[in-house]
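Chains A and B, in that order, are what the protein sequence lines are. Residue numbering for the first sequence follows the working numbering, beginning at 195 and increasing consecutively. Residue numbering for the second sequence follows the working numbering, beginning at 2 and increasing consecutively. Don't be surprised by glycine CBs; every beta carbon is placed ideally from N, CA and C. The structure displayed is predicted, hence computed values, not measured ones.
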Amino acid sequence: MNVPSKKRLGPLLLIAPAAILLGVFLVLPYLNIVVMSFRMPGQGTPYGPGFTLGNYGKFFSDFFYVQQVINTLWIGFLTTFLCLILGYPVAWQLARGASAFRAVGYALVLSPLLVGIVIRSYGWTILLGNNGIINRTLTGWGLIDGPLPLMYNALGIIIALVHVFLPFMILPIMSAIQGIDPSLEAAARSLGASKITSFRRITLPLSLPGIQAGCILVFVLSLSAYVTPSLIGGLRVKTMAVTVVDALIDTFQWPFGSALALMLSVTGAIFVVFFGRLTVMKWKA
Amino acid sequence: MSKPFFTVYCLIIYAFLLAPIAVVVIASFNAGAFLTFPPQGLSFRWYLVFFNNEVFMRAIRTSLWIAALTTVISGIIGTMAAMFYVTHAGKLKETVRVAMLAPLLLPEVLTAISLLFFVYSVGLGTQNLVGMIVGHVLITLPFVFINVSASMESYDPAWSLAAQSLGAGRFTRFRRIMLPLIKPGVIGGCLFAFIISFDVFTISFMLKGVGMSTLPIQLFDYLRTNFTPEAAAVSTCSIVLTMAVVIISEKVLGLRIHRF
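Right under this line is the structure:
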């Protein structure tokens, strides 16, 4: 059946545009970036002739870059963890709460997704800055003498990232809880389990696939976030994505930039796979 | 844990979600020369400045133009792929799904960088908008695919067969039978494509040519050096524009918004 019959050819034309698009503009560029990371640095050009392992050598020998990957991973972990802690009760309420509350709540959770990421980060600079609302209010009330350092540090980045990615945690968990038959919880309660026990033994384990999907989504998104860290972190705190883009746009070092980007992606992927192994992998996007 | 506790907790989270957006909207009506809170008097001063700022107006036009093109291309390609996925993929079903969702699962920064290198390697460069539109189509394609294939799950192939037995050709079957039935999915997918394309940052940032900024990029550049409430006015208009697209589609087409 190697020769496609006339009957198979028609349907194949349906997938052809998408296949060509993904093949030419996604697969080939990704292969290209791997090759690029082994190229020689250029003199006045983006890259030179020949191949080298030097770009990776430079990454591992300079502790600055390793430290930055660790910082980025750390910010990603904290963001994911905070999203989970803050988002789970909301997801539960959306799935099981009173219906009037649910419709409004769902709209409220979705609404930030419709606002561009630049605008949302900008909103946080207005809130968190030294002259921002929070600091002005606190000094106005006489609670603090000088402004609290909320921006230009990891704390500010994490606050803004949690905001930006919280809906991506809430929505998968919400649909996971919605998929649990409420009669299971009712059965546990009728057998004498307390609310907390029924939650711990029934609802929480059954919502694990949603937790997993949400955590992976938020973790991956926060590792590669560019806008929020560069607006909130300014020049002082840089995450990996910011450094990579700087390396490519400002100093035009394509091979080294590629190596940096790949190191971050591979590290992130290792954690995602590890996390997937730890929890039961029931992956349905 | 009691119900009131949960309600209060959720209200706090909703306030957290809305706070930065509300702050931007309020700041845009500031009458003063700088961003201060509470605003020094209310005025439309910064809206006038914004509407007379040719750079921002050009960026809005560019954004709308790119989003429209992206929506059409992504809508057609994504719908075709979803039709293949639901009715013809057979054993390849899982492979097709993962491949179609790949742009969503890969980090956008890496996709943007690799696409930038690629358009230079093949001599396309960033002198025109081809690279940027390709990038936007890549990013929006999964959303069209998810929405359309979800709406097709309830489509019974017997309906197509019935039409075929009555003599309808392939295209007529699609236009008269399938398309009307999957319309909510197609429109929902296209709506997402438009909104996401309007907001996409990293791809546009890496692939923009000289003097071809989209609105988010222009805003980002502006925020790095300026602190006037003009940026808030720009942001508010952008929010209103997106909301208008969503509300009009809801009212006119009566569809429900589901991202997942």
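Does the beta-carbon of Pro5(B) have 16 or more other beta-carbons within 10 angstroms, so that it is buried, or is it exposed? As a first step, residue 5(B) is located in the second sequence; it is residue number 4 there, counting from the start. Answer is exposed; the Cβ neighbour count stays below 16.
Hey, is Gln262(A)'s beta-carbon within less than 8 angstroms of any beta-carbon in chain B? For the purposes of this step, residue 262(A) is taken as the residue at position 68 of the first sequence. No, its Cβ sits nowhere closer than 8 angstroms to a Cβ of chain B.
Note the first and the last residue of the continuous beta strand (DSSP E) segment covering Phe245(A). Taking the first residue of the first sequence as position 1, residue 245(A) is located at position 51. From DSSP, the beta strand (DSSP E) with Phe245(A) extends over Tyr241 to Phe245.
Step through the CB atoms of chain B and report whether any lies within less than 8 angstroms of the CB of Gly299(A). Stepping through the first sequence from its first residue, residue 299(A) is reached at position 105. It does; some Cβ of chain B falls within 8 angstroms.
Which one or two residues does DSSP pair with Leu43(B) in a beta bridge? Residue 43(B) sits at position 42 when you count from the first residue of the second sequence. Paired residue(s): Asn31(B).
Using a Cβ cut-off of 9 angstroms, pull out every chain B residue sitting near Ile269(A), in sequence order please. Start at 1 with the first residue of the first sequence, and residue 269(A) comes out as number 75. Within chain B, no residue comes near Ile269(A); the closest Cβ sits about 15 angstroms away, beyond 9 angstroms.
When the Cβ atoms of the region 351 to 364 of chain A are set against those of the region 410 to 430 of chain A, are three or more pairs found closer than 8 angstroms? yes
Exposure label - Ala292(A); buried when at least 16 CB within 10 Å: As a position in the first sequence, residue 292(A) is number 98, starting the count at 1. Ala292(A) is exposed by the Cβ-count criterion.
Under the DSSP definition of a beta bridge, which residues are partnered with Pro508(A)? Coverage of chain A is limited to positions 195 through 479, which leaves residue 508(A) absent and any answer about it impossible.
Compare the C-beta of Ser152(B) against all C-beta atoms of chain A and say whether one is closer than 8 angstroms. Translated into positions along the second sequence, residue 152(B) becomes position 151. Not closer than 8 angstroms to any Cβ of chain A, the Cβ of Ser152(B) fails to qualify, so no.
Span of the alpha helix (DSSP H) around Asp200(B): Sequence index remark: in the second sequence, residue 200(B) carries index 199 (1-based). That run of the alpha helix (DSSP H) goes Leu180 to Asp200.
If the cut is a Cβ gap below 8 angstroms, which residues of chain B does Ile227(A) touch? Residue numbering aside, residue 227(A) sits at position 33 when the first sequence is read from its first letter. Leu111, Ile114, Ser115 and Phe118, listed in chain order.
Name, please, each residue of chain A whose Cβ falls closer than 9 angstroms to the Cβ of Met133(B). Looking up residue 133(B) in the second sequence gives position 132. The contacting residues do not exist; Met133(B) stays about 12 angstroms from chain A at best.
Chain A within 8 angstroms of Val202(B), Cβ atoms only: The count along the second sequence starts at 1 and reaches residue 202(B) at position 201. Reading off the sequence, residue 202(B) comes out as Phe, not Val. By this cut-off, Phe202(B) is an interface position.
Counting Cβ pairs, one atom from each stretch, are 3 or more of them under 8 angstroms apart for the region 217 to 228 of chain B and the region 180 to 192 of chain B? no
Can you find a C-beta in chain A that's less than 8 angstroms from the C-beta of Val149(B)? Locating residue 149(B) in the second sequence gives position 148, where the first residue counts as 1. Chain A, which has no Cβ nearer than 8 angstroms to the Cβ of Val149(B), makes this no.
Should Val303(A) and Val110(B) be called a contact, given that it needs their Cβ atoms to be closer than 8 angstroms? One-based indexing of the first sequence puts residue 303(A) at position 109. One-based indexing of the second sequence puts residue 110(B) at position 109. Going by C-beta atoms, Val303(A) is not nearer than 8 angstroms to Val110(B).
My output table needs one value for Ala151(B): the three-state DSSP class, helix, strand or coil. What you label residue 151(B) is simply residue 150 of the second sequence in a count that begins at 1. The answer is helix: DSSP assigns Ala151(B) an H, G or I state.
Give me the Cα-Cα distance between Met475(A) and Ile405(A), rounded to the nearest whole angstrom. Sequence index remark: in the first sequence, residue 475(A) carries index 281 (1-based). Sequence index remark: in the first sequence, residue 405(A) carries index 211 (1-based). Confidence is the limiting factor: at Met475(A) the pLDDT is only 49, short of 50, which leaves the residue's position unreliable, though a coordinate-based value still follows. Those two C-alpha atoms are separated by around 11 angstroms.
Roughly how many angstroms lie between the CA atoms of Thr229(B) and Gly42(B), to the nearest whole one? Here residue 229(B) refers to the residue found at position 228 when the second sequence is read from its first residue. Here residue 42(B) refers to the residue found at position 41 when the second sequence is read from its first residue. In a straight line, the C-alpha of Thr229(B) is about 15 angstroms away from that of Gly42(B).
DSSP state of Phe261(B), grouped into three classes? Counting from one through the second sequence, the residue named residue 261(B) turns up at place 260. For Phe261(B), the predicted structure reports a pLDDT of 33, less than 50, and the residue's modelled location is therefore unreliable. A value from the coordinates is still provided. Coil, per DSSP.
Three-pair Cβ contact test at 8 angstroms for the region 81 to 97 of chain B versus the region 122 to 140 of chain B: no
Spatial distance of Arg260(B) from Ile147(B) (CA atoms): Position 259 of the second sequence, counting from 1, holds the residue named residue 260(B). Position 146 of the second sequence, counting from 1, holds the residue named residue 147(B). Since pLDDT at Arg260(B) reaches only 38, below the 50 mark, its modelled position is unreliable, and the value read off the structure follows with that caveat. Near 9 angstroms, if we compare the C-alpha coordinates of Ile147(B) and Arg260(B).
Taking C-beta pairs closer than 8 angstroms, name the residues in chain A that Thr63(B) reaches, listed in chain order. Translated into the one-based positions of the second sequence, residue 63(B) becomes position 62. None at all; the shortest Cβ gap to chain A is about 15 angstroms.
I need the straight-line Cα distance from Ala232(B) to Arg395(A), nearest angstrom please. By 1-based counting over the second sequence, the position of residue 232(B) is 231. By 1-based counting over the first sequence, the position of residue 395(A) is 201. Spanning the two alpha carbons is a distance of roughly 50 angstroms.
Own chain, CB closer than 8 angstroms to Asn129(B), minus 5 neighbours either side, in chain order: Counting from 1 along the second sequence, the entry for residue 129(B) is found at position 128. The answer, listed in chain order, is Gly210.
Does the Cβ-Cβ distance between Tyr420(A) and Thr203(B) come in under 8 angstroms? For this step, residue 420(A) is matched to residue 226 along the first sequence. For this step, residue 203(B) is matched to residue 202 along the second sequence. A contact, by the Cβ cut-off of 8 angstroms.
So that I know if they touch, is there some Cβ in chain B lying closer than 8 angstroms to that of Pro523(A)? The question about residue 523(A) has no answer, for chain A in this structure spans 195 to 479.
Determine, using beta carbons only, whether Leu417(A) comes closer than 8 angstroms to chain B. Locating residue 417(A) in the first sequence gives position 223, counting from the first residue. Cβ-Cβ to chain B under 8 angstroms: yes for Leu417(A).
Can you look up Met133(B) in the DSSP assignment and give me helix, strand or coil? If you number the second sequence from 1, residue 133(B) lands on position 132. Three-state DSSP puts Met133(B) in a helix.
Does the distance from the CB of Leu456(A) to the CB of Val221(A) come in under 8 angstroms? Along the first sequence, one-based indexing puts residue 456(A) at 262. Along the first sequence, one-based indexing puts residue 221(A) at 27. No, Cβ-Cβ distance for Leu456(A) and Val221(A) is not below 8 angstroms.
Measure from the alpha carbon of Thr187(A) to the alpha carbon of each residue in Ala441(A), Val431(A), Phe413(A) and Val436(A), then state which is nearest. What the structure shows of chain A is the stretch from 195 to 479, and residue 187(A) is not part of that stretch, so it cannot be assessed.
Spatial neighbours of Leu308(A) within its chain, please: C-beta separation below 6 angstroms, excluding the five flanking residues on both sides. The residue you call residue 308(A) lines up with position 114 of the first sequence. Result list for Leu308(A): empty, nothing under 6 angstroms.
Mind checking the region 282 to 298 of chain A against chain B and listing, in chain order, the residues whose C-beta falls within less than 9 angstroms of any C-beta there? Pro283, Val284, Trp286, Gln287, Leu288, Gly291, Ala292, Phe295 and Val298
Met195(A): buried (16+ other C-beta within 10 angstroms of its C-beta) or exposed? Against the first sequence, residue 195(A) aligns to sequence position 1. In this prediction, Met195(A) scores a pLDDT of 41, lower than 50, which makes its location untrustworthy; no coordinate-derived value is stated.
At 9 angstroms on the CB atoms, spell out the chain E contacts of Ile249(B), in chain order. No chain E is part of this structure, whose protein chains are labelled A and B.
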